[in-house]
Amino acid sequence: MDNLSDALEKLKLSSSAADRTGDGVTESCVDCLLKALAHNNTEASIKMRDMGVLSLLPVLLTGPQSSCTPKVANIIAELAKNEFMRSPCVEAGLIPPLVLLLSSLDQEVLLQTGRALGNICYDSHSLQAQLISMGVIPTLVKLLGLHSHNTALTDMCLIAFGNLAELESSKEQFASTNIAEELVQLFKKQSEHEKKEMIFEVLAPLAENDVIKLQLVEAGLVECLLDVVAQTVDGDREEDVAQLKTASDLMVLLLLGDESMQKLFEGGKGSVFQRVLSWVPSHNHQLQLAGALAIANFARNDGNCIHMVDTGIVQKLLDLLDRHVDEGNVTVQHAALSALRNLAIPVVNKSKMLSAGVSDVVLKFLQSEMPPVQFKLLGTLRMLIDTQAEAADQLGTNGKLVERLVEWCEAKDHAGVMGESNRLLSALIRHSKSKDVVRTVIQGGGVKHLVTMATSEHMIMQNEALVALGLIAALDLVAAEKDFVGSSLVPVLHKLLSDERSAPEIKYNSMILVCSVMGSEPLSREVQGLAFIDVVSRLRAHDNKTVSHQASLTEQRLTAQS
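In our numbering, the protein residues as written are 3 to 564.
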């Protein structure tokens, strides 16, 4: 440490000389500092900080470049390995001169400068954001293109990209460069697993941006990913399994962009689309998962959905689900159900999918205890029965299904499952308009849940509940009477009509329901007791003509009944 102290003192003296970086004394001092850091980094770092060496370094960086320049950058990189040295490095003003050095033609200077900046800004989003604002991204992308043959420099750029790409503010700058082309070209040259993984770690966060997704597709990344899948699908090595997962996951991510997805779909005739479809019947769970998720992503517009159903994709998904009924892979179940749900959205697909036996296969998962699977199962059935009276009637009279729905309506730990269960329960009644379905729901204990659903914070759910309750009252008021009283339906309706925030359709359907329940003596007494006539009479002046007209009719009914 005495040698270090001497070197630091000499450095202080020499740093004021005119020819700073060319001074042999300076270079020997710098070499001594590097040796001390290599011997005991922590101790040497503390000594340098305490003796004020950091304030000398910007001067050494900004002078004419020499053999000393990369060594100074190396000192900073070594100092900044210590977390306690990063703030002092920033306070000493080291970032701006280091950023300027990224335009150097000397590859060793570039390497050590990149290391220094990377270590100073390690794990600091604010400092990384500062680098982005100083324009380092276009500079680094350019360096990657110029020095792709230099492994150390390439690795430095990739590590920097991986850190910066995590910040949302970086995406726009990356999108304005040719990063997609550079990374794809670099990927094609790689044979080592570790290097491919490094590139994957940069591609994944970049591919979250829709503009970059399309750039990556146009640069040929998809073909690279398909090649990786083909090379690793039958591999047993850990690195094969890892690469297969990364490549197939990235493929699915690219399909989340509307433009990139449509480009790869190519009207359902694209070779990429066809190859991804071949993953679904694969023996490999990861490929099955990626294939099903890819179909779900392709099924994001009606045209694609209609084409896929017409070309037999539904059967591939049903076969896949059948393979995962007993102790199956939950992620594959979830993905396949997601795909079926999306495919069932266009009206023309519903009857075709029902004829293909989709509802029968989906019902096999009714005993699943996994909320993600439950959620997608419910959504798929709800989409299938929309406007399909016969299917709604068939499912609505399935006692086991209704029993499970009522159970899930109480799944307070899983709001999504609870909401979808309520919505499916309502949909079975609304689309079937069947007295048998109404009775099945009443017997299964579903009425109270529909009444609770009418108080939801989501207007669409309120309305669906009120329409279903109106149908129950119209089709079998006698059977529902006890449940209506027990679930406080009348007070709920009074609250909805009194609340100025209730939407016009909520007020309208609430009044329709009030009129329907007047046919029941106990419910009629509740209506009279809560002075509904006052609330309804005020609604005659409502801005919405449909609401004001219904208010007049409801007032007449209440007056006649009193």
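For every residue, glycine included, the Cβ atom is placed at its ideal position computed from N, Cα and C.
Please name the residue in the options whose C-alpha comes closest to that of residue i.
i, options, result
"residue 584", "194, 544, 561 and 187", "Look at the range of the chain in this structure, 3 to 564, and you will see that residue 584 is not part of it."
"residue 462", "506, 438 and 395", "506"
"residue 243", "230, 254 and 255", "230"
"residue 125", "356, 178, 100 and 167", "167"
"residue 295", "235, 210, 76 and 340", "340"
"residue 427", "451, 302, 438 and 417", "451"
"residue 111", "84, 136, 149 and 91", "149"
"residue 344", "333, 359, 327 and 305", "305"
"residue 407", "380, 415, 70 and 523", "380"
"residue 185", "367, 173, 200 and 236", "200"
"residue 91", "122, 190 and 164", "122"
"residue 77", "136, 36 and 282", "36"
"residue 478", "447, 454 and 439", "439"
"residue 351", "286, 301 and 419", "301"
"residue 44", "69, 534 and 85", "85"
"residue 334", "356, 357, 374 and 543", "374"
"residue 1", "278, 178, 202 and 435", "Beyond the ends of the chain as shown, which are 3 and 564, falls residue 1; an answer cannot be given."
"residue 75", "101, 389, 179 and 51", "101"
"residue 2", "469, 355, 130 and 513", "It is not possible to answer for residue 2, since the shown part of the chain is limited to 3 through 564."
"residue 481", "282, 119, 371 and 443", "443"
"residue 33", "80, 410 and 245", "80"
"residue 282", "337, 268 and 137", "337"
Expressed to the nearest angstrom, what Euclidean distance is found between the alpha-carbon atoms of residue i and residue j?
i, j, result
"residue 540", "residue 430", "34 Å"
"residue 331", "residue 182", "34 Å"
"residue 67", "residue 127", "30 Å"
"residue 24", "residue 169", "Confidence is the limiting factor: at residue 24 the pLDDT is only 45, short of 50, which leaves the residue's position unreliable, though a coordinate-based value still follows. So the two alpha carbons sit approximately 39 Å from each other."
"residue 222", "residue 161", "22 Å"
"residue 64", "residue 40", "25 Å"
"residue 550", "residue 536", "14 Å"
"residue 21", "residue 107", "In this prediction, residue 21 has a pLDDT of 46, which is less than 50 and means its spatial position is unreliable; nothing more can be read from the coordinates."
"residue 488", "residue 458", "19 Å"
"residue 60", "residue 153", "28 Å"
"residue 495", "residue 509", "9 Å"
"residue 62", "residue 71", "7 Å"
"residue 249", "residue 193", "15 Å"
"residue 19", "residue 97", "Annotation note: pLDDT 49 at residue 19 (below 50); position unreliable, no value reported."
"residue 472", "residue 448", "14 Å"
"residue 367", "residue 376", "8 Å"
"residue 474", "residue 404", "15 Å"
"residue 105", "residue 163", "17 Å"
"residue 401", "residue 315", "30 Å"
"residue 114", "residue 139", "17 Å"
"residue 322", "residue 208", "32 Å"
"residue 548", "residue 225", "58 Å"
"residue 279", "residue 232", "14 Å"
"residue 288", "residue 518", "54 Å"
"residue 492", "residue 382", "33 Å"
"residue 51", "residue 31", "16 Å"
"residue 273", "residue 228", "11 Å"
"residue 251", "residue 211", "15 Å"
"residue 271", "residue 290", "21 Å"
"residue 196", "residue 245", "10 Å"
To the nearest whole angstrom, what separates the beta carbons of residue i and residue j, a pair I think is in contact under 8 Å?
i, j, result
"residue 88", "residue 82", "5 Å"
"residue 292", "residue 263", "About 14 Å separates the two Cβ atoms, so there is no contact after all."
"residue 308", "residue 348", "6 Å"
"residue 456", "residue 445", "Not really, about 20 Å apart at Cβ, beyond 8 Å."
"residue 360", "residue 397", "Not quite, the Cβ-Cβ distance comes to about 11 Å (not below 8 Å), so this is no contact."
"residue 234", "residue 188", "So it is not a contact: roughly 19 Å between Cβ atoms."
"residue 215", "residue 256", "5 Å"
"residue 511", "residue 468", "4 Å"
"residue 557", "residue 525", "Rounded, the Cβ-Cβ distance is 18 Å, inconsistent with contact."
Considering only heavy atoms of the ligand PLP, does any lie closer than 7 Å to the CB of residue i?
i, result
"residue 319", "Among the components of this structure there are no ligands whatsoever, and the ligand PLP is therefore not found."
Starting from the N-terminal side, write out each stretch of the alpha helix (DSSP H) that is 4 residues or longer and does not extend beyond the segment 211 to 244.
-> 212 to 220 and 223 to 234
Can you list the beta strand (DSSP E) stretches of 3 or more residues lying completely in the segment 285 to 317, in chain order?
-> none
For the segment 237 to 282, which segments carrying the alpha helix (DSSP H) assignment without a break, of at least 4 residues, lie completely within its bounds, in sequence order?
-> 240 to 256, 260 to 267 and 273 to 279
Mind pulling the alpha helix (DSSP H) runs of 4 or more residues that sit fully within the segment 341 to 396?
-> 349 to 357, 360 to 365 and 373 to 387
Unbroken stretches of the alpha helix (DSSP H), 4 residues or longer, contained in the segment 146 to 172 | 153 to 166
If you scan the segment 95 to 147 from start to end, which runs of the alpha helix (DSSP H) of 4 or more residues do you find wholly inside it?
-> 97 to 103, 109 to 122 and 127 to 135
Which whole runs of the alpha helix (DSSP H) in the segment 28 to 66 are 4 residues long or more, in chain order?
-> 43 to 52 and 59 to 64
With a floor of 4 residues, list each alpha helix (DSSP H) that falls wholly inside the segment 436 to 471, ordered by position along the chain.
-> 437 to 445 and 449 to 455
Continuous alpha helix (DSSP H) assignments of at least 4 residues falling wholly in the segment 474 to 517 | 491 to 500
In chain order, each beta strand (DSSP E) run of at least 3 residues that lies wholly inside the segment 72 to 97 | none
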